[in-house]
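Count the sequence shown with this note's numbering and you get residues 27 to 259, in order. Think of the CB as a built atom: it goes at the ideal place given N, C-alpha and C, for glycine as much as any other residue. Owing to the predicted nature of the structure, the values given are computational and were not obtained by experimental measurement.
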Amino acid sequence: MGSEARAPPAMRFNLTGFGKFHNVPENPSETIVRKAREVLGDRPLPFGATIAGCTVLDTAGAGGLEALRAILDAALVAGAASPKEGAEGAKGADGAEGAEAVVVWVHLGVNGGATRFAIEQRAVNEATFRCADEMGWEPEEEPVVAADGAISRVRETAFAAGKITEAMQKQGFDVALSTDAGRFVCNYVYYQSLRHAATHGTRSLFVHGGRMRYGWSVIGYKLVVQRRHAPSM
């Protein structure tokens, strides 16, 4: 008798956006995160994926770190407590045993000067804020994580960011692969999330968009779809 095939692992998506900051009083990333359950929750997501959490973060670095760590850790607890299901429950559609669910973080942020979406491949261990964050912190060439050493250290997503980008471009989306998430709060949060993911076996990806309202909800749904279909992710 042959061994039973295992169904693909279900993914528990956790979305974050940012609140207001300086000259962006209405942050599109906050809008989509607040509406995520309405926009995505009623649609069938591929392979049993679920939207497990939606959080709006303060646009702050060190001052928001405790809250960030709390939600990253909480997702681990929630994931451990949830059933290990495949696309059709405890067994896949063909009766195969389901694989353990994967915790995925998708962080959304605004690049005020951008006219397209950017899939961020990496974050760097440097905090150099062009202006103070919402809690008044304005670091200059400080490490995001001192224990990681030099500010030149880079952490990369475990997702095949290039393949995700290519797949979305083929569907007509104005999106590009980026290797520079800046040095402001977006990079700070992404670096912390990538470090947490490397430690705990989760996945993390950051998506930058401009101030345009159109496309945020659509791009969010497509990102979920492409993570399930792009190979070697």
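Which partner residues does residue i have in the DSSP bridge list?
i      : result
Asn40  : Gly79 and Trp131
Phe204 : According to the sequence provided, residue 204 is Ser. The question's Phe does not apply to it. Paired residues: Glu146.
Glu168 : Ala153
Leu231 : Val132
Glu182 : Arg148
Phe47  : Val50
What are the start and end residues of the beta strand (DSSP E) that includes residue i?
i      : result
Ile145 : Phe143 to Glu146
Could you work out which residue in the options is closest to residue i when comparing CA atoms only?
i      : options                           : result
Ala186 : Met37, Asp200, Glu146 and Trp163  : Glu146
Ala323 : Ala75, Gly43 and Ala184           : The structure shown does not extend to residue 323, since the chain is modelled only from 27 to 259, so the question has no answer here.
Leu172 : Leu41, Ala75, Phe232 and Arg221   : Inspection of the sequence shows that residue 172 is occupied by Ala rather than by Leu. Of the candidates Leu41, Ala75, Phe232 and Arg221, the one whose C-alpha sits nearest the C-alpha of Ala172 is Arg221.
Arg156 : Asn137, Asp174 and Pro72          : Asn137
Glu166 : Glu152, Asp174 and His133         : Glu152
Val129 : Gly235, Gly236, Asn53 and Arg229  : Arg229
Ala75  : Asp99, Val50, Phe199 and Glu126   : Glu126
Ala104 : Arg38, Val180, Gly236 and Ile177  : Arg38
Asp200 : Asp174, Ala96 and Phe143          : Phe143
Arg179 : Asn40, Phe44 and Tyr217           : Tyr217
Ser204 : Val215, Val233 and Tyr214         : Val233
Ala223 : His133, Gly236, Gly198 and Lys196 : His133
Gly43  : Thr141, Trp131, Gly135 and Ala202 : Gly135
Glu168 : Gln197, Lys46, Ile97 and Phe210   : Phe210
Gly208 : Leu94, Ala140 and Lys196          : Ala140
Ser219 : Gly235, Thr154 and Ala96          : Ala96
Gly235 : Glu56, Pro35 and Asn40            : Glu56
Tyr212 : Leu231, Pro51 and Glu52           : Residue identity differs from the one stated: residue 212 is Cys in this sequence, not Tyr. Looking at the Cα atoms, Leu231 is the closest of the given residues.
Ala36  : Glu64, Glu52 and Ala78            : Ala78
Ala93  : Phe73, Leu71, Gly227 and Val215   : Val215
His226 : Gly188, Gly45 and Trp131          : Trp131
Leu102 : Asn40, His48, Glu182 and Asn53    : Asn40
Glu182 : Glu192, Gly175, Asp206 and Ala193 : Asp206
So the alpha helix (DSSP H) residue i belongs to, where does it begin and stop?
i      : result
Glu56  : Pro54 to Arg60
Glu192 : Ala187 to Lys196
Thr225 : Val211 to His226
The ligand NAP and residue i: does the residue's C-beta get closer than 6 angstroms to at least one heavy atom of that ligand?
i     : result
Val82 : Here there are no bound small molecules, and the ligand NAP is not part of this structure.
- Message: Contact between the segment 74-82 and the segment 44-60 is defined here as three or more beta-carbon pairs at a separation below 8 angstroms; is this criterion met?
- Response: yes
- Query: Does the pairing of the segment 88-101 with the segment 157-174 give three or more beta-carbon distances under 8 angstroms?
  - Reply: yes
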